Amino acid sequence: MTGPRVLSLYEGLFSGGARVLHTNVVTALHQDGSHEHAVLSIASRARREGAVQHIADDPRYRWLRDAGVEVTHLGREAGALPPEPESFTDAELEVAAAAVRRADVILTLKEQPLGLLLALEAHGLLPDVPIAACLHRSDPTHSGAAARWMGEMAASGRLTTTISCAESTSDAYARYTPPSVERVVIPNGIDLTRYRPKPYERMPLRAHLGIAPTAPVVLFAARFDAMKDPGLFLRAVAAHAARDTRTQYVLCGAGMTVDDPALTAAIAEAGAPVERIHRLGIRDDMPRLYRGADIVALTSAFGEASPLCLIEGAASGATPVTTAVGDAAQVVAGIGLVTPHDPDAIAAAWAKVIARRPDYRAAALAARPRLGADRMLDAYRGVIDGLAERREAAA
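Per the working numbering, the sequence shown starts with residue 5, numbered consecutively.
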């Protein structure tokens, strides 16, 4: 490889759309020879939604390793809050310093890893290398201290660029950065060879779950977190199930398990029919789940930017129905429906899609070309090359 050396900093490798997206970018650009990529993860495990996720068990970690990307970590446990700059030990900073010294460009997955760069800067261990923060939220106020760290890095001149997956994200973070920081928007794209309709794969999932071949399926691919508003989804399930006796509801993601007491309590509180709700937890076979669904639902209350589940589901033949968060309305334009944060309105949207299922499916599949990753990868490639050239010119 002759391209620039790129280091991506992750808070941790665990389930989540942003990690899927960024990992896809890193593996694709490493494998096609555009750049030489490496990854440094602050955490080796994450405690989220009542479960511990280990780095070695994460599909993103396996994708990176299989692509030949070097992955190192500091051995921490990721929790609700990112680690403060002052919390890093000398030994951790030594590992991180060795990684950044080899890089021509540094990318951070979201703003949380910027605390590590601030720590390196405070100890005189951060080289003069372009830094770009890859942003995937539309509400920085839920990032804790990390948004402030981004402001500090930008004010010092060390943060050169932000790469946002949505216009709503770029606008939301603009107040934390001065005009000197370049703002780039690169909409999300997906691997269309992975997310595509395979009618023969529709039945195995249904047979495994005991779902009738013709029963409609609503899929909720989200972690059990306030941002995703699972309570609203379950209230919509209750409203929809009261009028529709056939539809089944499949939940997957961190915390979406039968042994999660918080989810069990939320189902009971919503009055949703537990016998028609299938809780599958974290999955590494999402294409198969999307192909078995008729609707991919999103009921998020805040924070979303350009939700991957909506385009992954649509490319697989499911119809996206989402609340109006981030750029979700633009993402599903012409292929799905946008609803207010109201369970009856969401239930009515599901009923509309089920009644006109062939038409909505056809629209989603016709939109597949605009959902692909090629355009996104070209844009990332161009931004990274530009940052590397800027460093060479400064040298």
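Using N, Cα and C, we set each Cβ at its ideal position, and we do this for glycine too. No experiment lies behind these values; they were computed from the predicted model shown.
Is G235 near A269, with beta carbons less than 8 Å apart?
If you number the sequence shown from 1, residue 235 lands on position 231. If you number the sequence shown from 1, residue 269 lands on position 265. No; because the gap between Cβ atoms is not below 8 Å, this pair is not in contact.
Starting from E81, trace the alpha helix (DSSP H) both ways and give me its first and last residue.
One-based indexing of the sequence shown puts residue 81 at position 77. Careful: E81 lies outside any alpha helix (DSSP H), inside the beta strand (DSSP E) at E74 to A82.
Could you check what DSSP says for E53 in three-state terms: helix, strand or coil?
Here residue 53 corresponds to residue number 49 of the sequence shown, with the count starting at 1. Correct three-state label for E53: coil.
In terms of alpha-carbon separation, which member of A240, D195 and V56 lies closest to E81?
Here residue 81 corresponds to residue number 77 of the sequence shown, with the count starting at 1. For the residues A240, D195 and V56, the minimum Cα distance to E81 belongs to V56.
Could you please give the first and the last residue of the uninterrupted beta strand (DSSP E) stretch that includes L13?
Position 9 of the sequence shown holds residue 13. Note, L13: beta strand (DSSP E), R9 to Y14.
May I ask which residues mark the beginning and end of the beta strand (DSSP E) holding Q252?
Counting from one through the sequence shown, the residue named residue 252 turns up at place 248. Counting along the chain, the beta strand (DSSP E) containing Q252 begins and ends at Q252 to C256.
Taking all protein chains shown into account, do 16 or more other C-beta atoms lie within 10 angstroms of the C-beta of Y204, making it buried, or fewer, making it exposed?
Position 200 of the sequence shown, counting from 1, holds the residue named residue 204. The residue in question, Y204, is exposed, as its Cβ has fewer than 16 Cβ neighbours within 10 Å.
Start and end of the alpha helix (DSSP H) containing T27?
Position 23 of the sequence shown holds residue 27. From DSSP, the alpha helix (DSSP H) with T27 extends over G21 to Q35.
Counting beta carbon pairs with one atom in the segment 166 to 182 and one in the segment 209 to 227, are three or more of them shorter than 8 Å?
Short answer: they don't touch.
Quick one: any contact between the segment 191 to 199 and the segment 373 to 388, if contact means 3 or more CB pairs under 8 Å?
At 8 Å Cβ cutoff, the stretches touch.
Distance, Cα to Cα, E74 vs H41?
The residue labelled residue 74 in the question sits at position 70 within the sequence shown. The residue labelled residue 41 in the question sits at position 37 within the sequence shown. So the alpha carbons of these two residues sit roughly 7 Å apart.
Using DSSP's beta-bridge definition, name the partner residues of G330.
By one-based count along the sequence shown, residue 330 stands at place 326. DSSP output for G330 lists no bridge partner at all.
Residues in its own chain within less than 7 Å of R372 by CB, not counting five upstream and five downstream?
Stepping through the sequence shown from its first residue, residue 372 is reached at position 368. Counting only Cβ-Cβ distances below 7 Å, and skipping sequence neighbours, we find L196 and A319.
According to DSSP, is S304 helix, strand or coil?
The residue given as residue 304 occupies position 300 in the sequence shown. Looking at S304 - three-state DSSP - the assignment turns out to be coil, as it is neither helix nor strand.
For L129, which of A95, A370, S147 and L238 has the nearest alpha-carbon?
In the sequence shown, the residue the question calls residue 129 occupies position 125. The option with the nearest alpha carbon to L129 is A95.
Classify E115 as helix, strand or coil using the three-state DSSP reduction.
Start at 1 with the first residue of the sequence shown, and residue 115 comes out as number 111. Note: E115 maps to coil in three-state DSSP.
If I follow the unbroken beta strand (DSSP E) through C138, where does it start and stop?
Numbered from 1 along the sequence shown, position 134 holds the residue referred to as residue 138. Segment I135 to L139, the beta strand (DSSP E) holding C138.
Quick one: residues in its chain with C-beta nearer than 7 Å to the C-beta of S310, no 5 flanking neighbours on either side, listed in chain order?
For the purposes of this step, residue 310 is identified with residue 306 of the sequence shown, where counting begins at 1. Excluding positions up to five away in sequence, the list reads C169, A170, P191, N192, G330, D331 and V335.
Please name the residue in T326, E53, A359 and D298 whose C-alpha comes closest to that of A349.
For this step, residue 349 is matched to residue 345 along the sequence shown. With distances taken between Cα atoms, A349 lies closest to T326.
If we count the other Cβ atoms within 10 Å of its Cβ and call it buried at 16 or more, is A84 buried or exposed?
Against the sequence shown, residue 84 aligns to sequence position 80. Exposed is the call here.
Straight-line CA distance for T166 to P144?
On the sequence shown, residue 166 is found 162 positions in, with the first residue counted as 1. On the sequence shown, residue 144 is found 140 positions in, with the first residue counted as 1. T166 and P144: Cα-Cα distance of roughly 13 Å.
F18 to G285, Cα distance in whole Å?
Reading the sequence shown from its first residue, position 14 is the one you call residue 18. Reading the sequence shown from its first residue, position 281 is the one you call residue 285. Using only the alpha carbons, I get a separation of about 13 Å.
State yes or no: is the C-beta of R280 within less than 8 Å of the C-beta of Y253?
Residue 280 sits at position 276 when you count from the first residue of the sequence shown. Residue 253 sits at position 249 when you count from the first residue of the sequence shown. Yes, Cβ-Cβ distance for R280 and Y253 is below 8 Å.
Which same chain residues end up closer than 6 Å to M5 when comparing Cβ atoms and leaving out the 5 residues on each side of it in sequence?
If you number the sequence shown from 1, residue 5 lands on position 1. For M5, the predicted structure reports a pLDDT of 48, less than 50, and the residue's modelled location is therefore unreliable. A value from the coordinates is still provided. Hits under 6 Å: G37 and E40.
What distance in whole Å lies between the Cβ atoms of H26 and S48, which are believed to be in contact at a cut-off of 8 Å?
For the purposes of this step, residue 48 is identified with residue 44 of the sequence shown, where counting begins at 1. For the purposes of this step, residue 26 is identified with residue 22 of the sequence shown, where counting begins at 1. The pair is not a contact, with the Cβ atoms about 18 Å apart (cut-off 8 Å).
For P324, list the residues DSSP reports as bridge partners.
Taking the sequence shown and counting its residues from 1, one reaches residue 324 at position 320. P324 is bridged to V300.
Which value, in whole angstroms, describes the spacing of the CA atoms of D175 and P208?
Numbered from 1 along the sequence shown, position 171 holds the residue referred to as residue 175. Numbered from 1 along the sequence shown, position 204 holds the residue referred to as residue 208. Near 43 Å, if we compare the C-alpha coordinates of P208 and D175.
By alpha-carbon positions, which one of G317, A151, P63 and Q35 ends up nearest to R141?
Counted from its first residue, the sequence shown places residue 141 at position 137. Of the candidates G317, A151, P63 and Q35, the one whose C-alpha sits nearest the C-alpha of R141 is A151.
Compare the Cα-Cα distances from A246 to each of V278, S12 and D264 and report the closest residue.
Within the sequence shown, residue 246 is the residue found at index 242, counting from 1. Per the Cα distances, V278.
Can you look up R292 in the DSSP assignment and give me helix, strand or coil?
As a working mapping, residue 292 is identified with position 288 in the sequence shown. Residue state, collapsed to three classes: helix.
Pull up the CB-CB distance for E53 and D229, whole angstroms please, since I reckon it's below 8 Å.
Reading the sequence shown from its first residue, position 49 is the one you call residue 53. Reading the sequence shown from its first residue, position 225 is the one you call residue 229. The Cβ separation is near 6 Å, so the contact holds.
Measure the CB-CB distance between V10 and L111 and report whether it falls below 8 Å.
As a working note, residue 10 is residue 6 in the sequence shown. As a working note, residue 111 is residue 107 in the sequence shown. Yes. Within cutoff.
Sorted by chain position, which residues of the same chain lie with C-beta nearer than 6 Å to W67's C-beta, five sequence neighbours on each side aside?
The residue you call residue 67 lines up with position 63 of the sequence shown. Closer than 6 Å at Cβ, skipping near neighbours: T27 and T31.
Assign E393 to one of two classes, buried (16 or more other C-beta atoms within 10 Å of its C-beta) or exposed (fewer than that).
On the sequence shown, residue 393 is found 389 positions in, with the first residue counted as 1. Classification of E393: exposed, given that the 10 Å Cβ count is below 16.
For L130, report the span of its beta strand (DSSP E) as first-last.
Here residue 130 refers to the residue found at position 126 of the sequence shown. Where L130 is concerned, there is no enclosing beta strand (DSSP E), given that its DSSP letter is neither H nor E.
Mind checking who T165 pairs with in its DSSP beta bridge?
As a position in the sequence shown, residue 165 is number 161, starting the count at 1. Its beta-bridge partners are A136 and E186.
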